[in-house]
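Structure first, commentary second.
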């Protein structure tokens with residue numbers, strides 16, 4: 001049975017209005033849960049106190065240093081994990097020998113969650129940006145590795161036959177003219193997923209003491225300032241939305257040849 005579209009969903013303004021109504025309903029339900037005491041006293045923050053909590057964090061000069069600190073190890077971890085995941089994924093998918101050599105190792109290491117490496121991150125890098133970047137890079141690596149590996153493996157073999165027919169026989173030349181363009185959509189999809197994965201890993205790593213938004217959230221929770229915790233959660237959502245939007249624009253520009 002086909003889903004019948006509501007008249008309001010047929011226009012951008014209608015969908016925007018419905019989105020605002022949905023958000024308002026969520027906030028009202030949240031307020032009711034807080035007032036009715038659905039959880040232990042004081043553990044559900046008052047949504048109407050969030051603007052004041054945000055203003056307090058800003059004026060106390062804790063907000064921006066925490067955001068900037070998080071962005072440092074976020075950027076390094078994302079960059080390193082993305083590059084290595086792309087590189088190893090491409091090489092493994094392009095070489096049956098390398099694929100066979102690393103297959104068992106990948107099967108053993110892949111199920112280990114990034115946070116399990118926190119112990120070694122602290123031992124090797126202490127509580128530092130480098131340690132947080134290391135943990136983030138591990139999570140991002142696997143996302144990009146599998147996305148790249150799958151995308152390269154799924155490039156249509158007829159493209160290579162066509163390239164050889166036009167004299168493009170070198171492996172390196174085929175990689176840049178056939179493999180990477182053919183796998184670009186999947187590769188970019190992996191990078192975009194990694195952008196979100198990096199934030200999830202980052203906050204968990206910061207809860208262990210690395211300076212940043214996660215540490216501020218942990219400190220606020222320790223004194224029962226749950227409105228502050230939610231403020232940082234919303235800041236994380238905002239920063240992720242901005243980074244995802246920016247990457248979406250880059251992806252659209254790079255893949256202009258892709259059929260819409």
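In the UniProt record's numbering, the protein residues as written are 1 to 260.
Just so it is clear, CB atoms sit at the ideal spot from N, CA and C, and this is done for glycine as well.
Legend entry - Opening and closing residue of the alpha helix (DSSP H) in which residue 13 lies: For residue 13, the enclosing alpha helix (DSSP H) has its first and last residue at 12 to 36.
Inset, instruction - Note down, in chain order, each residue of its chain lying with its Cβ closer than 8 Å to the Cβ of residue 156, except the 5 sequence neighbours on either side. - result: Apart from sequence neighbours up to five positions away, the residues of its chain that approach residue 156 with a beta-carbon distance below 8 Å are 182, ordered along the chain.
Inset, instruction - To the nearest angstrom, report how far apart residue 236 and residue 228 are at their CA atoms. - result: Between the C-alpha atoms of residue 236 and residue 228 there is a straight-line separation of about 12 Å.
Legend entry - Close beta carbons around residue 99, own chain, < 6 Å, minus the five adjacent residues each side: Cβ contact annotation for residue 99 (same chain, cutoff 6 Å, sequence separation greater than five): 92, in chain order.
Inset, instruction - Inspect the CB distances between the region 137 to 150 and the region 79 to 88 and report whether three or more fall short of 8 Å. - result: Short answer: they touch.
Inset, instruction - For residue 66, I'd like the list of residues in its chain whose CB is within less than 6 Å of its CB, leaving aside the five on either flank, ordered along the chain. - result: In its chain, beyond the 5 residues on either side, 212, 213, 216 have a beta carbon closer than 6 Å to the beta carbon of residue 66.
Inset, instruction - Can you tell me which of the three DSSP states residue 253 falls into? - result: Three-state DSSP puts residue 253 in a helix.
Legend entry - Cβ pair residue 136, residue 77 closer than 8 Å: Yes.
Inset, instruction - Please classify residue 32: is it buried, with 16 or more other beta-carbons within 10 angstroms of its beta-carbon, or exposed? - result: Per the 10 Å Cβ criterion, exposed.
Inset, instruction - Using a threshold of 8 Å, state whether the C-beta atoms of residue 194 and residue 148 are closer than that. - result: Going by C-beta atoms, residue 194 is not nearer than 8 Å to residue 148.
Inset, instruction - Taking the CB atoms as reference points, tell me whether residue 138 and residue 111 lie closer together than 8 Å. - result: Against a cut-off of 8 Å, the Cβ pair of residue 111 and residue 138 comes out as no contact.
Legend entry - Which listed residue (209, 16, 11, 226) has its alpha carbon closest to that of residue 39: Among 209, 16, 11, 226, the Cα nearest to that of residue 39 belongs to 226.
Inset, instruction - Give the range of the alpha helix (DSSP H) segment to which residue 134 is assigned. - result: First-last of the alpha helix (DSSP H) with residue 134: 129 to 153.
Inset, instruction - Tell me whether residue 57 is buried or exposed, calling it buried when 16 or more other Cβ atoms sit within 10 Å of its Cβ. - result: By the neighbour-count rule (16 or more Cβ atoms within 10 Å), residue 57 is buried.
Inset, instruction - For residue 117, count neighbouring Cβ atoms within 10 angstroms of its own Cβ and tell me buried if that reaches 16, exposed if not. - result: Classification for residue 117: buried.
Legend entry - Pair within 8 Å by beta-carbon distance, residue 50 and residue 239: With respect to the 8 Å criterion, residue 50 and residue 239 are not classified as neighbours on the basis of their beta carbons.
Legend entry - Under the three-state DSSP convention, the category residue 228 falls into: The answer is helix: DSSP assigns residue 228 an H, G or I state.
Legend entry - Exposure label - residue 34; buried when at least 16 CB within 10 Å: Burial is judged here by how many other beta carbons sit within 10 angstroms of a residue's own beta carbon; residue 34 has at least 16 and is buried.
Inset, instruction - Scan the region 61 to 96 and note each continuous alpha helix (DSSP H) run of 4 residues or more that stays entirely inside, going in chain order. - result: The region 61 to 96 contains these whole alpha helix (DSSP H) runs: 63 to 94.
Legend entry - Beta-carbon proximity of residue 7 to residue 30, cut-off 8 Å: Contact flag unset, no.
Inset, instruction - Report the three-state DSSP secondary structure of residue 41 (helix, strand or coil). - result: Of the three classes helix, strand and coil, the one that applies to residue 41 here is coil, per DSSP.
Inset, instruction - Tell me whether residue 113 sits in a helix, a strand or coil according to DSSP, three-state version. - result: Residue 113: coil per DSSP, three-state reduction.
Legend entry - Extent of the continuous alpha helix (DSSP H) to which residue 188 belongs: It spans 180 to 206 - the alpha helix (DSSP H) in which residue 188 sits, taken as one unbroken run.
Inset, instruction - Evaluate residue 210 with the Cβ neighbour count: other Cβ atoms within 10 Å of its Cβ, from every protein chain shown; 16 or more gives buried, anything less gives exposed. - result: Its Cβ being crowded by 16 or more others within 10 Å, residue 210 is buried.
Inset, instruction - For residue 5, I'd like the list of residues in its chain whose CB is within less than 6 Å of its CB, leaving aside the five on either flank, ordered along the chain. - result: Scanning its chain for C-beta atoms nearer than 6 Å, with the 5 sequence neighbours on each side dropped, one finds no residue around residue 5.
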